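Here's the structure, in structure tokens; my notes come after.
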Amino acid sequence: NLSVLVIGSKLAHIDEMVNNHFRKNPNVSSVYMDIITDVINDFVLPFDFNFEGCSLNSSGQCCGKCFK
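Residue numbers (full-length UniProt numbering): 1 to 68.
Structural data, given as structure tokens:
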């Protein structure tokens, strides 16, 4: 089992990342996605996502421009 915490400003971006990086992977047998809308304590991650520059390449893989 593996838990991955993914953050984003729009649910559609998160859904696209999960679909393209996990659900399409033939080595992944099952994907369950849950949405956290509130937290007890603040949790700060050192990521700067650039969704405006994000796109998939011709093989449907992430172009790598989501991260600065």
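Built from N, CA and C at the ideal position, the CB exists for glycine as well.
Remember, it's a predicted structure, so these values are computed and weren't measured experimentally.
- Cβ-Cβ separation between VAL6 and MET17: approximately 6 Å, consistent with a contact (criterion under 8 Å).
- In the structure shown, the three-state DSSP call for MET33 is coil.
- In this chain, VAL4 is not harboured by any alpha helix (DSSP H), its DSSP state being neither H nor E.
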